[in-house]
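Peer 1:
Number of protein chains: 2
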Amino acid sequence: MSESREGALNSRIERAMAGNRRALARLMTAVENDPTVARDVMRRVYRRTGRAHTVGVTGAPGSGKSTLVARLAAAYRAQGLTVGIVAVDPSSPYSGGALLGDRVRMSALAGDRDVFVRSMASRGSLGGLARGTRDTVRLLDAAGYQRVIIETVGAGQSEVDIVRAAHTTLVIQVPGMGDTIQTLKAGILEIADILVVNKADHPGADRAAAALEAMLDLGETTNRDAADDWRPPVLKTVASEGQGIEALVDALDRHMAYSCTLDSGRRERERARRELFEILRGDLLRQLMERVGEARIDAIIDRITAREMDPYAAADNLLSNAG
Amino acid sequence: MSESREGALNSRIERAMAGNRRALARLMTAVENDPTVARDVMRRVYRRTGRAHTVGVTGAPGSGKSTLVARLAAAYRAQGLTVGIVAVDPSSPYSGGALLGDRVRMSALAGDRDVFVRSMASRGSLGGLARGTRDTVRLLDAAGYQRVIIETVGAGQSEVDIVRAAHTTLVIQVPGMGDTIQTLKAGILEIADILVVNKADHPGADRAAAALEAMLDLGETTNRDAADDWRPPVLKTVASEGQGIEALVDALDRHMAYSCTLDSGRRERERARRELFEILRGDLLRQLMERVGEARIDAIIDRITAREMDPYAAADNLLSNAG
Numbered sequence: 000m001s002e003s004r005e006g007a008l009n010s011r012i013e014r015a016m017a018g019n020r021r022a023l024a025r026l027m028t029a030v031e032n033d034p035t036v037a038r039d040v041m042r043r044v045y046r047r048t049g050r051a052h053t054v055g056v057t058g059a060p061g062s063g064k065s066t067l068v069a070r071l072a073a074a075y076r077a078q079g080l081t082v083g084i085v086a087v088d089p090s091s092p093y094s095g096g097a098l099l100g101d102r103v104r105m106s107a108l109a110g111d112r113d114v115f116v117r118s119m120a121s122r123g124s125l126g127g128l129a130r131g132t133r134d135t136v137r138l139l140d141a142a143g144y145q146r147v148i149i150e151t152v153g154a155g156q157s158e159v160d161i162v163r164a165a166h167t168t169l170v171i172q173v174p175g176m177g178d179t180i181q182t183l184k185a186g187i188l189e190i191a192d193i194l195v196v197n198k199a200d201h202p203g204a205d206r207a208a209a210a211l212e213a214m215l216d217l218g219e220t221t222n223r224d225a226a227d228d229w230r231p232p233v234l235k236t237v238a239s240e241g242q243g244i245e246a247l248v249d250a251l252d253r254h255m256a257y258s259c260t261l262d263s264g265r266r267e268r269e270r271a272r273r274e275l276f277e278i279l280r281g282d283l284l285r286q287l288m289e290r291v292g293e294a295r296i297d298a299i300i301d302r303i304t305a306r307e308m309d310p311y312a313a314a315d316n317l318l319s320n321a322g
Numbered sequence: 000m001s002e003s004r005e006g007a008l009n010s011r012i013e014r015a016m017a018g019n020r021r022a023l024a025r026l027m028t029a030v031e032n033d034p035t036v037a038r039d040v041m042r043r044v045y046r047r048t049g050r051a052h053t054v055g056v057t058g059a060p061g062s063g064k065s066t067l068v069a070r071l072a073a074a075y076r077a078q079g080l081t082v083g084i085v086a087v088d089p090s091s092p093y094s095g096g097a098l099l100g101d102r103v104r105m106s107a108l109a110g111d112r113d114v115f116v117r118s119m120a121s122r123g124s125l126g127g128l129a130r131g132t133r134d135t136v137r138l139l140d141a142a143g144y145q146r147v148i149i150e151t152v153g154a155g156q157s158e159v160d161i162v163r164a165a166h167t168t169l170v171i172q173v174p175g176m177g178d179t180i181q182t183l184k185a186g187i188l189e190i191a192d193i194l195v196v197n198k199a200d201h202p203g204a205d206r207a208a209a210a211l212e213a214m215l216d217l218g219e220t221t222n223r224d225a226a227d228d229w230r231p232p233v234l235k236t237v238a239s240e241g242q243g244i245e246a247l248v249d250a251l252d253r254h255m256a257y258s259c260t261l262d263s264g265r266r267e268r269e270r271a272r273r274e275l276f277e278i279l280r281g282d283l284l285r286q287l288m289e290r291v292g293e294a295r296i297d298a299i300i301d302r303i304t305a306r307e308m309d310p311y312a313a314a315d316n317l318l319s320n321a322g
């Protein structure tokens with residue numbers, strides 16, 4: 000990195016950390032778009048991180064996630080806490096930004112300088128999205144935001160990976176037993192620290208909550224980690240009306256206190272390990288590609304598509320002759 | 000691999016390829032559970048693959064995927080084609096297998112020896128699931144199943160990766176504009192070769208179909224690959240009644256014919272490249288771990304969690320001293 004570029008970056012980091020929102024936003028864009036810049040920036044801000052309480056919020060489309068997140072942010076603000084929100088929207092070229100209409104629900108918070116909302120607009124690879132999200136959360140943390148809420152769509156593995164990087168994971172359900180079973184199938188219950196039945200004014204809310212409790216009972220006898228004595232509470236909310244938000248904030252605080260004690264070290268190590276391995280996988284592949292060159296990779300891919308060589312044998316070939 | 004184990008594996012592969020269903024099922028389990036076995040098996044069967052038409056089916060929970068897949072399988076059977084179905088259910092310890100009730104809808108096909116249904120039950124890592132699914136599809140292909148349908152839940156990146164490995168990707172929508180927008184946001188429209196509005200007897204089906212067409216119009220002027228002149232058809236089905244299935248089979252055949260010509264080479268290379276890189280990433284990390292040892296990794300993770308070292312610097316450290 001040239002000296003002047005390094006100077007510009009340092010100055011931008013300084014301004015971002017000092018509360019300059021525009022500098023922070025630009026830093027996020029740079030970090031999101033360029034893994035090399037991300038490395039430089041993380042090296043400089045990492046020691047400031049680890050202070051925010053991070054909350055991952057996930058649930059199916061239509062479960063009212065964005066509304067709930069906005070309410071939660073408002074509740075934190077009412078306590079005098081600063082709030083960062085990272086909305087993970089794996090956008091398509093079709094949607095661009097024009098369709099991201101539910102961000103307007105954040106408008107009540109829009110004038111508040113102690114709330115910072117960031118949409119992860121870039122699509123890219125799974126690794127890219129998870130990496131970008133994690134680094135964005137870290138920038139908010141380093142910049143002094145005390146609560147960082149990460150909102151993700153759906154129940155795919157990438158979303159699971161993203162919310163697992165948070166201290167506390169909140170899973171939103173809506174009434175309707177079919178949906179509940181689908182969520183259970185998608186394996187998302189096991190990552191939940193707090194379960195929320197939103198739209199609890201709709202029919203079937205009590206049944207949905209009871210079903211979740213029953214599932215937790217089942218899990219306790221069969222699958223709970225013995226070291227983990229946190230039982231996810233099941234809460235009912237009507238986010239559109241602000242109902243149940245106070246109890247939710249309460250549960251989040253209790254989980255934060257819990258995870259700061261017993262559970263914290265283990266989870267923190269797991270998170271660090273996952274991230275380290277992800278970075279290593281990407282770096283190692285890049286190094287290999289540089290060594291063997293694009294032409295050789297192309298030739299190998301020709302052999303795979305011609306069915307002369309299976310993909311595993313192709314990998315062995317590249318690895319054994321890459322020195 | 001010992002000679003006797005190799006002999007047993009060869010014999011099982013032979014029986015599986017000759018139509019022994021039990022041998023095929025056991026082979027799938029072995030391949031799914033053990034990447035080393037997967038390599039051995041793929042080396043032996045790979046040259047037999049590439050004959051099946053693979054169809055990825057994705058859509059939100061409750062969109063009627065399983066019913067549609069069962070209808071599609073029945074329609075193929077009526078044409079005399081053999082059918083493999085791979086249902087990707089990232090199951091949780093909570094659900095096990097007991098809740099996977101919608102598999103019972105397959106019961107009409109259960110006695111048919113020319114239909115092979117396989118649920119991907121193991122959870123594991125994203126890479127593991129994508130790898131296992133791909134190898135399972137390959138085994139069905141090698142065993143002579145002429146159509147292989149891969150059914151996945153949701154719109155996460157992992158599901159996207161799984162369906163992208165298929166020749167033809169079918170995205171299911173249900174009436175309701177909110178859902179449509181959510182799907183667009185999730186970026187799934189861009190991977191669709193065929194769009195299906197299922198539950199088309201529900202209100203709003205025509206509006207949903209029109210909205211999808213409008214999105215495609217938008218995409219054509221801004222985002223379409225110039226080399227790619229396939230416009231995804233938008234079809235309406237009522238899978239529970241079997242309505243619209245004939246037209247769907249027709250569209251699938253047309254897309255197969257299309258992708259066998261113009262588009263095939265490019266996509267096939269992309270698929271091979273993605274898979275090769277995924278294998279390499281895993282192999283490279285394993286090699287590194289063996290070189291540096293668990294103790295050193297643990298020590299580095301301690302430094303990360305103590306904020307003495309950021310994860311990128313930790314990766315650099317491991318890579319520069321791993322020789």
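Residue numbers (numbering that gives the first Met the number 0), protein chains in the order written: chain A, 0 to 322; chain B, 0 to 322.
The C-beta atom is built at its ideal place from N, Cα and C for all residues, glycine as well.
Considering only C-alpha positions, which residue in the set Lys198(A), Ala199(A), Gly203(A) and Arg230(A) is nearest to glutamate 212(A)?
Peer 2: Locating residue 212(A) in the first sequence gives position 213, where the first residue counts as 1. Among Lys198(A), Ala199(A), Gly203(A) and Arg230(A), the Cα nearest to that of glutamate 212(A) is on Arg230(A).
Peer 1: Using the three-state DSSP reduction, which class does glutamate 240(B) fall into: helix, strand or coil?
Peer 2: Here residue 240(B) corresponds to residue number 241 of the second sequence, with the count starting at 1. Glutamate 240(B): helix per DSSP, three-state reduction.
Peer 1: So if I threshold CB-CB distances at 8 angstroms, which residues from the stretch 25 to 57 of chain A count as touching chain B?
Peer 2: Within the stretch 25 to 57 of chain A, the residues whose Cβ lies closer than 8 angstroms to some Cβ of chain B are Ala37, Arg38, Met41, Arg42, Tyr45, Arg46, Thr48 and Gly49, listed in chain order.
Peer 1: Would you report the Cα separation of aspartate 249(A) and lysine 235(B), rounded to the nearest angstrom?
Peer 2: In the first sequence, counting from the first residue as 1, residue 249(A) sits at position 250. In the second sequence, counting from the first residue as 1, residue 235(B) sits at position 236. Going by the C-alpha atoms only, they are around 46 angstroms apart.
Peer 1: Along chain B, which residues have their Cβ under 8 angstroms away from the Cβ of threonine 304(A)?
Peer 2: In the first sequence, the residue the question calls residue 304(A) occupies position 305. Chain B residues near threonine 304(A): Gly264, Glu267, Arg268 and Ala271.
Peer 1: Just to make sure I have the definition right: I need the residues of chain A whose C-beta is within less than 7 angstroms of the C-beta of glutamate 274(B). Which are they?
Peer 2: For the purposes of this step, residue 274(B) is identified with residue 275 of the second sequence, where counting begins at 1. Per Cβ cutoff of 7 angstroms: Pro310.
Peer 1: Along the stretch 277 to 292 of chain B, where does the CB come closer than 7 angstroms to a CB of chain A? Name the residues.
Peer 2: Going along the stretch 277 to 292 of chain B in chain order, one finds Ile278, Leu279, Arg280, Asp282, Leu283, Leu284 and Leu287 with a Cβ nearer than 7 angstroms to chain A.
Peer 1: Under the assumption that valine 136(B) contacts threonine 81(B) (Cβ atoms under 8 angstroms), give the Cβ distance between them as a whole number of angstroms.
Peer 2: By one-based count along the second sequence, residue 136(B) stands at place 137. By one-based count along the second sequence, residue 81(B) stands at place 82. 14 angstroms between Cβ atoms; not a contact.
Peer 1: What does glutamine 172(A) pair with, by DSSP beta-bridge criteria?
Peer 2: One-based indexing of the first sequence puts residue 172(A) at position 173. DSSP, once it has assigned bridges, lists Val196(A) as partnering glutamine 172(A).
Peer 1: Taking all protein chains shown into account, decide if aspartate 301(A) is buried (16 or more other Cβ within 10 angstroms of its Cβ) or exposed.
Peer 2: As a position in the first sequence, residue 301(A) is number 302, starting the count at 1. Counting Cβ neighbours within 10 Å, aspartate 301(A) comes out exposed, since fewer than 16 surround it.
Peer 1: Methionine 119(A) and alanine 74(A) - do their beta-carbons sit closer together than 9 angstroms?
Peer 2: Walking along the first sequence from the start, residue 74(A) turns up at place 75. Walking along the first sequence from the start, residue 119(A) turns up at place 120. No, they are not a contact pair.
Peer 1: Establish whether the CB of leucine 169(B) and some CB of chain A are separated by less than 9 angstroms.
Peer 2: Here the question's residue 169(B) lines up with position 170 in the second sequence. No, leucine 169(B) lies away from the interface with chain A (no Cβ there is under 9 angstroms from its Cβ).
Peer 1: Any beta carbon from chain A within less than 9 angstroms of leucine 234(B)'s own beta carbon?
Peer 2: Here residue 234(B) refers to the residue found at position 235 when the second sequence is read from its first residue. Not an interface residue.
Peer 1: Out of Asn316(A), Gly49(A) and Arg266(A), which has the shortest C-alpha to C-alpha gap to alanine 141(A)?
Peer 2: By one-based count along the first sequence, residue 141(A) stands at place 142. The option with the nearest alpha carbon to alanine 141(A) is Gly49(A).
Peer 1: Mind pulling the chain B residues with CB within less than 9 angstroms of isoleucine 149(A)?
Peer 2: By 1-based counting over the first sequence, the position of residue 149(A) is 150. Result: empty, since nearest Cβ-Cβ is about 15 angstroms, beyond 9 angstroms.
Peer 1: How far does the alpha helix (DSSP H) with glycine 79(B) in it extend, from its first residue to its last?
Peer 2: Residue 79(B) sits at position 80 when you count from the first residue of the second sequence. Neither: glycine 79(B) is in no alpha helix (DSSP H) and is coded neither H nor E.
Peer 1: Given a threshold of 16 other Cβ atoms within 10 Å of its Cβ, counted over all protein chains shown, does serine 3(B) qualify as buried or as exposed?
Peer 2: Residue numbering aside, residue 3(B) sits at position 4 when the second sequence is read from its first letter. That one is exposed.
Peer 1: Starting from isoleucine 190(A), follow its DSSP beta bridges and name the residues at the other end.
Peer 2: Your numbering for residue 190(A) matches position 191 in the first sequence. None, per the DSSP bridge assignment.
Peer 1: Determine the closest residue to glycine 110(A) out of Ile161(A), Arg20(A), Asp134(A) and Val30(A), with distance taken between C-alpha atoms.
Peer 2: What you label residue 110(A) is simply residue 111 of the first sequence in a count that begins at 1. Comparing Cα positions, the closest option is Arg20(A).
Peer 1: Classify proline 310(A): buried if its beta carbon has 16 or more other beta carbons within 10 angstroms, exposed otherwise.
Peer 2: As a position in the first sequence, residue 310(A) is number 311, starting the count at 1. Buried is the call here.
Peer 1: Suppose you measure from the CA of alanine 129(A) to the CA of aspartate 160(A); what does that come to, to the nearest Å?
Peer 2: If you number the first sequence from 1, residue 129(A) lands on position 130. If you number the first sequence from 1, residue 160(A) lands on position 161. Each residue's Cα considered, the two are about 7 angstroms apart.
Peer 1: How many angstroms separate the CA atom of lysine 184(A) from the CA atom of valine 68(B)?
Peer 2: Within the first sequence, the letter at position 185 stands for residue 184(A). Within the second sequence, the letter at position 69 stands for residue 68(B). Note on lysine 184(A): pLDDT 45, under 50, position unreliable in the model; the coordinate value appears next. Taking the straight line joining both Cα atoms gives about 18 angstroms.
Peer 1: Can you confirm whether alanine 210(B), when its beta carbon is compared against all beta carbons of chain A, has any partner nearer than 9 angstroms?
Peer 2: Residue 210(B) sits at position 211 when you count from the first residue of the second sequence. Taking Cβ atoms only, chain A never reaches closer than 9 angstroms to alanine 210(B), which makes this a no.
Peer 1: Which residues share a DSSP beta bridge with leucine 234(B)?
Peer 2: Here residue 234(B) is taken as the residue at index 235 of the second sequence, counted from 1. Answer by DSSP bridge pairing, in chain order: Val195(B).
Peer 1: Within 10 angstroms of its Cβ, does glutamine 78(A) collect 16 or more other Cβ (buried), or is it exposed?
Peer 2: If you number the first sequence from 1, residue 78(A) lands on position 79. Flag for glutamine 78(A) reads exposed.
Peer 1: Would isoleucine 296(A) count as contacting chain B if we go by Cβ distances under 9 angstroms?
Peer 2: On the first sequence, position 297 is the one that residue 296(A) refers to. By this cut-off, isoleucine 296(A) is an interface position.
Peer 1: Drop a sphere of 10 angstroms on the beta-carbon of glutamine 286(B), count the other beta-carbons inside from all chains shown, and report buried for 16 or more, exposed for fewer.
Peer 2: Position 287 of the second sequence, counted from the start, is the residue given in the question as residue 286(B). Label assigned to glutamine 286(B): exposed.
Peer 1: Do you know how far the Cα of arginine 306(B) is from the Cα of asparagine 320(A)?
Peer 2: As a working note, residue 320(A) is residue 321 in the first sequence. As a working note, residue 306(B) is residue 307 in the second sequence. Those two C-alpha atoms are separated by around 38 angstroms.
Peer 1: Let's see if you can read the secondary structure: which residues bound the beta strand (DSSP E) around glycine 58(A)?
Peer 2: For the purposes of this step, residue 58(A) is taken as residue 59 along the first sequence, with counting starting at 1. Run containing glycine 58(A): 52 to 58, per the beta strand (DSSP E) assignment.
Peer 1: Pull up the DSSP beta-bridge partners for phenylalanine 115(A), would you.
Peer 2: Within the first sequence, residue 115(A) is the residue found at index 116, counting from 1. Answer by DSSP bridge pairing, in chain order: Gly83(A).
Peer 1: In chain B, which residues lie less than 7 angstroms from leucine 317(A) when you measure between Cβ atoms?
Peer 2: One-based indexing of the first sequence puts residue 317(A) at position 318. Leu279, listed in chain order.
Peer 1: Quick check: the stretch 57 to 67 of chain B against the stretch 164 to 174 of chain B, are there 3 or more CB pairs under 8 angstroms?
Peer 2: Touching, yes, given that three or more Cβ pairs across the two stretches are closer than 8 angstroms.
Peer 1: Can you name the residues of chain A whose CB is closer than 8 angstroms to the CB of isoleucine 325(B)?
Peer 2: The question about residue 325(B) has no answer here: the residues shown for chain B are numbered 0 through 322.
Peer 1: Report the three-state DSSP secondary structure of threonine 167(B) (helix, strand or coil).
Peer 2: Start at 1 with the first residue of the second sequence, and residue 167(B) comes out as number 168. In the structure shown, threonine 167(B) sits in a strand (DSSP, three-state: E or B).
Peer 1: Could you spell out the range, first to last residue, of the alpha helix (DSSP H) harbouring tyrosine 311(A)?
Peer 2: Numbered from 1 along the first sequence, position 312 holds the residue referred to as residue 311(A). Counting along the chain, the alpha helix (DSSP H) containing tyrosine 311(A) begins and ends at 310 to 319.
Peer 1: Exposed or buried, proline 174(B), counting other C-beta atoms within 10 Å across all chains shown (16 or more means buried)?
Peer 2: In the second sequence, residue 174(B) corresponds to position 175, counting from 1. Classification for proline 174(B): buried.
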